[in-house]
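In the numbering used here, the protein residues as written are 38 to 520.
Beta carbons: idealized from backbone N, C-alpha and C, even for Gly.
Given the structure is predicted, the values throughout are model-derived calculations rather than measurements.
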């Protein structure tokens, strides 16, 4: 029998499916992780761009910020007593925009930040009743107040009301700004003494009156209302929409200069001189007025170019030059680590030439400006500021160094609306607190008193920048409570 074989046809291919169960919770979790990574990278990139932002971009951003604040204050409504201060802040913003168009970045940034500060102060005052004859709106350095009829001097504070008979005194390298209910602003210079002669505001009507300058420099900014400034030698009646400077010497002689607008000056001897824009007159100790003279033009800076870079490994000298002003007797040069020249003044010097050669002792950013000097203590307003940056190391080393400096900041100590900050960074770094330069010691430590006027939560920003331009930023949130 033939053997029998069983044969079978190949099995058809089968399709096998493997089911995988994926938790919806896992999907959400991984989605959040991816989203967090994306947001972190975006924030890190944004922070890198901000910390390494060129001064041109800083100026553009400051102008945009000031424009937004201007619209915010206008929308909230400005009382008649604050309208003039609003107009002055708006004029600063207009000048900042003009500087921006001329590509004068340092001047644009300084004016824009000044207007931002004023708009922020106005935003805090809008809707509040104006207290007293006037209020202190800015303090730099040591400023003291003596109440009428008292002998004790107390440390001044921002938003502090002033009354008839109060005295305000500034120390070395110090200044203060006072706004009155009619919108007049008085800017008190260093080592000055001024007495308030205004009656307190009553109802909706602005207070009227005058101030008396005992010694030092006071600049008056009027808007819709005139103002009066007294000295022992003369009386200056400042017209509306005017900008006038009054300087009183130790022997009580005075100089009154109208930078814009008009003023009428009457000596204690009875003579009277009318001043138009860019005119000035001197008053002797006996109250006799001199001849009307022209206020010199401010100098135009020529060298170095704005934002120049100085390699301290190559040279520690820099030449600052400006265009000569015909008829001048000299110039006054000021160098600061602060864009607004409100603090950190490195140098104030009078010169007979239209240039100065300076020795740079440490790296960092510097700002400089010049005024023209005339006969009999007459001087112009400050010219537009310029800046330069000093660094060490080659440009290749500087560009390859991308490590931000170390920065440690202690918790601020509160003293009313003042906050004392202390910290440390790497030696050679430049430190700013809310945009103002801070003195850094050779070991990298620093301290700074910050005055905050806005009630509620405020943010203090501490920024350290090394010579290569790398920056580290620290933010502190502090609470300012109502008095």
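By how many angstroms is the C-alpha of residue j removed from the C-alpha of residue i?
{"i": "residue 137", "j": "residue 425", "result": "18 Å"}
{"i": "residue 296", "j": "residue 469", "result": "32 Å"}
{"i": "residue 160", "j": "residue 327", "result": "44 Å"}
{"i": "residue 442", "j": "residue 507", "result": "7 Å"}
{"i": "residue 369", "j": "residue 392", "result": "11 Å"}
{"i": "residue 347", "j": "residue 405", "result": "15 Å"}
{"i": "residue 154", "j": "residue 306", "result": "42 Å"}
{"i": "residue 511", "j": "residue 292", "result": "46 Å"}
{"i": "residue 323", "j": "residue 271", "result": "9 Å"}
{"i": "residue 444", "j": "residue 503", "result": "11 Å"}
{"i": "residue 422", "j": "residue 69", "result": "49 Å"}
{"i": "residue 217", "j": "residue 484", "result": "33 Å"}
{"i": "residue 200", "j": "residue 251", "result": "17 Å"}
{"i": "residue 495", "j": "residue 447", "result": "17 Å"}
{"i": "residue 224", "j": "residue 477", "result": "28 Å"}
{"i": "residue 440", "j": "residue 460", "result": "19 Å"}
{"i": "residue 509", "j": "residue 72", "result": "25 Å"}
{"i": "residue 147", "j": "residue 249", "result": "30 Å"}
{"i": "residue 195", "j": "residue 304", "result": "34 Å"}
{"i": "residue 112", "j": "residue 123", "result": "12 Å"}
{"i": "residue 247", "j": "residue 414", "result": "24 Å"}
{"i": "residue 186", "j": "residue 471", "result": "37 Å"}
{"i": "residue 311", "j": "residue 253", "result": "23 Å"}
Determine whether the beta carbon atoms of residue i and residue j lie at a separation below 9 Å.
{"i": "residue 220", "j": "residue 188", "result": "no"}
{"i": "residue 212", "j": "residue 180", "result": "yes"}
{"i": "residue 268", "j": "residue 289", "result": "yes"}
{"i": "residue 273", "j": "residue 120", "result": "no"}
{"i": "residue 256", "j": "residue 285", "result": "no"}
{"i": "residue 493", "j": "residue 517", "result": "yes"}
{"i": "residue 126", "j": "residue 107", "result": "yes"}
{"i": "residue 343", "j": "residue 359", "result": "no"}
{"i": "residue 523", "j": "residue 182", "result": "As shown, the chain starts at 38 and ends at 520. That puts residue 523 outside it, with no answer to give."}
{"i": "residue 501", "j": "residue 402", "result": "no"}
{"i": "residue 275", "j": "residue 298", "result": "yes"}
{"i": "residue 354", "j": "residue 396", "result": "yes"}
{"i": "residue 156", "j": "residue 222", "result": "no"}
{"i": "residue 149", "j": "residue 103", "result": "yes"}
Looking only at C-alpha atoms, which of the options sits nearest to residue i?
{"i": "residue 412", "options": "290, 383, 367 and 308", "result": "367"}
{"i": "residue 94", "options": "125, 114, 122 and 142", "result": "142"}
{"i": "residue 319", "options": "301, 336, 334 and 335", "result": "301"}
{"i": "residue 390", "options": "250, 101, 357 and 467", "result": "357"}
{"i": "residue 231", "options": "134, 202 and 460", "result": "202"}
{"i": "residue 315", "options": "304, 330, 321 and 325", "result": "330"}
{"i": "residue 2", "options": "156, 112, 113 and 140", "result": "This structure leaves residue 2 out entirely; the chain is present only between 38 and 520."}
{"i": "residue 280", "options": "350, 248 and 313", "result": "313"}
{"i": "residue 170", "options": "149, 197 and 148", "result": "197"}
{"i": "residue 229", "options": "184, 186, 185 and 287", "result": "287"}
Among the residues of its own chain, which have a CB less than 6 Å from the CB of residue i, if the five just before and after it don't count?
{"i": "residue 384", "result": "372"}
{"i": "residue 191", "result": "182"}
{"i": "residue 294", "result": "282, 317 and 332"}
{"i": "residue 215", "result": "171, 173 and 223"}
For residue i, which residues in the same chain have their Cβ closer than 7 Å to its Cβ, ignoring the five residues on either side in sequence?
{"i": "residue 335", "result": "408, 409, 417, 418, 419 and 420"}
{"i": "residue 362", "result": "333, 334, 336 and 409"}
{"i": "residue 263", "result": "274, 275, 276 and 277"}
{"i": "residue 53", "result": "Low confidence applies here, because residue 53 scores a pLDDT of 48, under 50, leaving its location unreliable; read the following figure in that light. Closer than 7 Å at Cβ, skipping near neighbours: no residue."}
{"i": "residue 365", "result": "333, 409, 410 and 411"}
{"i": "residue 388", "result": "367, 368 and 370"}
{"i": "residue 184", "result": "203"}
{"i": "residue 432", "result": "Here residue 432 scores only 48 on pLDDT, less than 50, and its place in the model should not be relied on; the value that follows carries that caveat. Within the same chain, residue 432 has no close Cβ partners at all."}
Within the same chain, show all residues whose beta-carbon is closer than 8 Å to that of residue i, passing over the 5 residues directly before and after it, in chain order.
{"i": "residue 97", "result": "137"}
{"i": "residue 178", "result": "207, 208, 209, 210, 211, 212, 227 and 380"}
{"i": "residue 449", "result": "456, 457, 458, 487, 497, 513 and 515"}
{"i": "residue 193", "result": "173, 176, 180, 181, 182, 205 and 213"}
{"i": "residue 349", "result": "397, 400, 427, 428 and 429"}
The beta strand (DSSP E) spanning residue i covers which residue range?
{"i": "residue 107", "result": "Taken as a continuous stretch (DSSP letters only), residue 107 belongs to no beta strand (DSSP E), being part of the alpha helix (DSSP H) at 92-113."}
{"i": "residue 475", "result": "473-475"}
{"i": "residue 511", "result": "508-517"}
{"i": "residue 251", "result": "248-258"}
{"i": "residue 491", "result": "Run containing residue 491: none; DSSP gives neither H nor E here."}
{"i": "residue 425", "result": "423-428"}
{"i": "residue 274", "result": "271-275"}
{"i": "residue 216", "result": "212-217"}
{"i": "residue 265", "result": "264-267"}
{"i": "residue 348", "result": "345-348"}
{"i": "residue 320", "result": "316-320"}
{"i": "residue 175", "result": "171-177"}
{"i": "residue 385", "result": "382-388"}
Any heavy atom of the ligand COA closer than 8 Å to the CB of residue i?
{"i": "residue 288", "result": "As presented, the structure is devoid of all ligands, the ligand COA included, so that no description of it is given."}
Should residue i be flagged as near chain D, meaning a C-beta pair shorter than 9 Å?
{"i": "residue 192", "result": "In the structure shown, chain D cannot be found, because there is only a single protein chain."}
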